[in-house]
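Visitor: In my numbering, the protein residues as written are 31 to 428. In this text, a Cβ means the ideal position worked out from N, Cα and C, and glycines have one as well. Here it is: the structure, laid out below.
Below you can see the structure in the form of structure tokens.
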């Protein structure tokens with residue numbers, strides 16, 4: 031079934047754009063320039079679970095994914111990736127380094143692209159100058175014939191840029207991306223792409239428009255991070271991606287949806303559906319900004335520490351709807367890597383560990399609870415928040 035979906039949409043990938051970026055080679059794929067827009071996805075299985083990860087990569091490839099990303103956090107993941115590569119020798123793979131960038135020399139020979147987050151790179155080996163870390167990473171990529179993605183995320187922007195632009199997070203993201211582009215180019219490395227992602231589709235469009243006006247030569251990977259559950263996650267992604275693609279902005283994309291592991295291939299189908307809409311001249315339409323319940327949820331990856339995370343996100347949405355939590359944003363994050371930072375802007379946020387769930391109100395941690403305890407406590411906080419808004423006060427449910 032997924033194979034036929036891919037075949038049905040392959041004809042819709044031609045770009046209708048005048049803005050031509052430079053071309054970056056990722057394995058056998060050429061990204062940017064006049065090349066077709068590539069659809070990507072990421073594994074949600076634990077990398078160390080070789081059989082599950084091979085099966086998921088295979089399902090994503092059969093759905094039409096040009097590039098599949100996997101996460102590597104430790105030596106066990108490195109060894110697993112070695113066997114995954116052996117079984118899928120022709121797959122174009124990207125590795126997500128996050129805080130494990132020291133493993134780059136071991137994984138780079140097995141993949142075609144390295145993705146790093148500037149915010150996470152800042153926090154690792156703080157005693158080492160950032161330019162030294164970038165020089166080391168660029169040399170590894172060069173020696174291993176890898177491209178690089180500079181992946182800037184709203185919830186983990188480097189502190190220096192947040193301090194310079196305290197009232198404009200989009201500008202902070204853009205300045206971070208520009209700095210890393212210029213730093214890599216100063217090292218003689220230009221085989222890179224940039225992504226600027228936020229959970230708010232309006233900020234995604236704003237960030238990518240502004241960056242493209244400043245660096246029209248740099249290929250852009252598009253996506254709304256933590257777009258969340260269906261159907262809302264697809265609505266947000268379609269609006270943002272079609273808005274940008276229609277203006278000639280974007281060279282590759284991912285639709286990040288909170289889905290059960292066995293349905294991750296639907297991200298790829300969603301990407302091709304958006305490209306089909308683009309080819310047919312369909313616009314993004316109006317983005318519904320009515321004050322419903324806004325659930326921000328990560329798309330799950332190998333770092334999710336409890337596989338019940340997706341079901342918890344569904345239950346949180348239902349609870350919020352039952353309580354009439356209109357105009358409230360609740361973030362549901364699946365791991366400790368992105369959870370703490372990317373729940374800060376939500377009214378209420380939960381980020382999940384193996385056996386307990388952390389609950390936040392804005393940036394304030396209220397405590398951690400078992401998976402059985404979290405929904406009753408979240409219900410209490412939602413009611414408190416609703417009461418405080420009705421009364422104009424600051425009531426607390428803690």
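#1: Leaving out five residues before and five after residue 335 in sequence, what residues of the same chain have Cβ atoms less than 8 Å from its Cβ?
#2: Helix, strand or coil for residue 308? Go by DSSP, reduced to three states.
#3: Can you give the Cα-Cα distance for residue 87 and residue 414, rounded to whole angstroms?
#4: Looking only at DSSP bridge pairs, what is residue 382 linked to?
#5: Identify which residue in 301, 302, 342 has its Cα closest to the Cα of residue 290.
#6: With H, G and I counted as helix, E and B as strand and the rest as coil, what does DSSP make of residue 300?
#7: Please state the DSSP three-state secondary structure of residue 426.
#8: Are the beta-carbon atoms of residue 287 and residue 308 separated by less than 8 Å?
#9: According to DSSP, is residue 70 helix, strand or coil?
#10: Could you say which of 250, 358, 284 lies nearest to residue 223 if we only look at CA atoms?
#11: Rounded to whole angstroms, what is the Cα-Cα separation between residue 351 and residue 76?
#12: Would DSSP call residue 281 helix, strand or coil?
#13: DSSP has residue 126 in a bridge; who is on the other side?
#14: Can you tell me whether residue 205 is buried or exposed, with buried defined as 16 or more other CB within 10 angstroms of its CB?
#15: At what residues does the beta strand (DSSP E) containing residue 60 begin and finish?
#16: Would you mind reading off the limits of the alpha helix (DSSP H) that contains residue 204?
#17: So, is residue 297 buried or exposed, given that buried needs 16 or more other C-beta atoms within 10 angstroms?
#18: Measure the alpha-carbon distance for residue 207 versus residue 164 and round it to whole angstroms.
#19: Can you tell me whether DSSP reads residue 191 as helix, strand or coil?
#20: Would you kindly work out how many angstroms separate the C-alpha atoms of residue 90 and residue 229, rounded to a whole number?
#21: Do three or more CB pairs link the segment 175-192 to the segment 66-76 at distances below 8 Å?
#22: Candidates 301, 313, 283, 267: which alpha carbon is nearest residue 277's?
#23: Is it true that the CB of residue 62 sits closer than 8 Å to the CB of residue 49?
#24: Can you tell me which of the three DSSP states residue 514 falls into?
#25: On a Cα-Cα basis, can you pick out the residue from 197, 412, 139, 184 that is closest to residue 172?
#26: Can you name, in chain order, every residue of its own chain whose Cβ lies under 6 Å from the Cβ of residue 236, other than the five neighbours on each side?
#27: Count the other CB atoms, across all protein chains shown, that sit within 10 Å of the CB of residue 105; report buried if there are 16 or more and exposed otherwise.
#28: Between the beta-carbon of residue 67 and the beta-carbon of residue 281, is there less than 8 Å?
#29: Tell me where the beta strand (DSSP E) around residue 83 begins and ends.
#30: Would you report the Cα separation of residue 259 and residue 292, rounded to the nearest angstrom?
#31: Along the chain, where does the beta strand (DSSP E) that runs through residue 260 open and close?
#32: Of the residues 373, 244, 304, 387, which one's Cα is nearest the Cα of residue 184?
#33: Can you name the residues that DSSP bridges to residue 360?
#34: Quick one: what does DSSP say residue 237 is sitting in, helix, strand or coil?
#35: Between 137, 153, 362, 371, which has its C-alpha nearest residue 387's C-alpha?
Guide: Reading it off the structure:
#1: Start at 1 with the first residue of the chain shown, and residue 335 comes out as number 305. Only 364, 365, 366, 382, 383, 384 meet the Cβ criterion.
#2: Taking the chain shown and counting its residues from 1, one reaches residue 308 at position 278. In the three-state scheme derived from DSSP, where H, G and I count as helix and E and B as strand, residue 308 is classed as helix.
#3: Counting from one through the chain shown, the residue named residue 87 turns up at place 57. Counting from one through the chain shown, the residue named residue 414 turns up at place 384. When rounded, the distance between both Cα atoms is 43 Å.
#4: Working through the chain shown from its first residue, we reach residue 382 at position 352. Under DSSP, residue 382 shares a beta bridge with 387.
#5: Mapped onto the chain shown, residue 290 falls at position 260. The candidate whose alpha carbon is nearest that of residue 290 is 342.
#6: For the purposes of this step, residue 300 is identified with residue 270 of the chain shown, where counting begins at 1. Helix, per DSSP.
#7: Here residue 426 refers to the residue found at position 396 of the chain shown. Bear in mind that a pLDDT of 41 at residue 426, under 50, signals an unreliable position, so the number given afterwards is only what the model happens to contain. In the structure shown, residue 426 sits in coil (DSSP, three-state: anything other than H, G, I, E or B).
#8: Numbered from its first residue, the chain shown carries residue 287 at position 257. Numbered from its first residue, the chain shown carries residue 308 at position 278. Result no, Cβ atoms of residue 287 and residue 308 do not sit closer than 8 Å.
#9: Against the chain shown, residue 70 aligns to sequence position 40. DSSP places residue 70 in strand when its eight states are reduced to three.
#10: Within the chain shown, numbered from 1, the residue matching residue 223 stands at position 193. Restricting attention to 250, 358, 284, the CA atom closest to the CA of residue 223 is found in 250.
#11: Taking the chain shown and counting its residues from 1, the one referred to as residue 351 is at position 321. Taking the chain shown and counting its residues from 1, the one referred to as residue 76 is at position 46. Put simply, the backbone Cα of residue 351 is about 32 Å away from that of residue 76.
#12: Locating residue 281 in the chain shown gives position 251, counting from the first residue. Reduced to three states, the DSSP call for residue 281 is coil.
#13: Counting from 1 along the chain shown, the entry for residue 126 is found at position 96. Partner(s): 101, 145.
#14: Looking up residue 205 in the chain shown gives position 175. With 16 or more other Cβ atoms inside 10 Å of its own Cβ, residue 205 counts as buried.
#15: Locating residue 60 in the chain shown gives position 30, counting from the first residue. Residues 59-61.
#16: Indexing the chain shown from 1 puts residue 204 at position 174. Looking at the DSSP string, the run of the alpha helix (DSSP H) that includes residue 204 is 199-216.
#17: For this step, residue 297 is matched to residue 267 along the chain shown. Buried.
#18: Within the chain shown, the letter at position 177 stands for residue 207. Within the chain shown, the letter at position 134 stands for residue 164. Going by the C-alpha atoms only, they are around 13 Å apart.
#19: Taking the chain shown and counting its residues from 1, one reaches residue 191 at position 161. Residue state, collapsed to three classes: helix.
#20: The residue given as residue 90 occupies position 60 in the chain shown. The residue given as residue 229 occupies position 199 in the chain shown. Rounded to whole angstroms, residue 90 to residue 229 spans 23 Å at the Cα level.
#21: Taking 8 Å as the limit for Cβ pairs, the verdict is that the segment 66-76 does not touch the segment 175-192.
#22: The sequence position of residue 277 within the chain shown is 247, counting from 1. Ranking the options by Cα distance to residue 277, first place goes to 313.
#23: If you number the chain shown from 1, residue 49 lands on position 19. If you number the chain shown from 1, residue 62 lands on position 32. Contact flag unset, no.
#24: Residue 514 cannot be examined here, being either before or after the span of the chain that is shown, 31 to 428.
#25: Counting from one through the chain shown, the residue named residue 172 turns up at place 142. Taking only the C-alpha atoms, the option nearest residue 172 is 139.
#26: Here residue 236 refers to the residue found at position 206 when the chain shown is read from its first residue. Only 200 meet the Cβ criterion.
#27: Translated into positions along the chain shown, residue 105 becomes position 75. With fewer than 16 other beta carbons inside 10 angstroms of its own, residue 105 counts as exposed.
#28: Here residue 67 refers to the residue found at position 37 of the chain shown. Here residue 281 refers to the residue found at position 251 of the chain shown. In contact: residue 67 and residue 281 (Cβ atoms closer than 8 Å).
#29: Within the chain shown, numbered from 1, the residue matching residue 83 stands at position 53. Taken as a continuous stretch (DSSP letters only), residue 83 belongs to no beta strand (DSSP E), being part of the alpha helix (DSSP H) at 80-92.
#30: What you label residue 259 is simply residue 229 of the chain shown in a count that begins at 1. What you label residue 292 is simply residue 262 of the chain shown in a count that begins at 1. So the alpha carbons of these two residues sit roughly 15 Å apart.
#31: For the purposes of this step, residue 260 is taken as residue 230 along the chain shown, with counting starting at 1. Counting along the chain, no beta strand (DSSP E) covers residue 260, and no H or E run does either.
#32: As a first step, residue 184 is located in the chain shown; it is residue number 154 there, counting from the start. Here the closest residue by C-alpha is 373.
#33: The residue labelled residue 360 in the question sits at position 330 within the chain shown. Paired residue(s): 325, 378.
#34: Mapped onto the chain shown, residue 237 falls at position 207. Looking at residue 237 - three-state DSSP - the assignment turns out to be helix.
#35: In the chain shown, residue 387 corresponds to position 357, counting from 1. Of the listed residues, the one whose Cα sits closest to residue 387 is 362.
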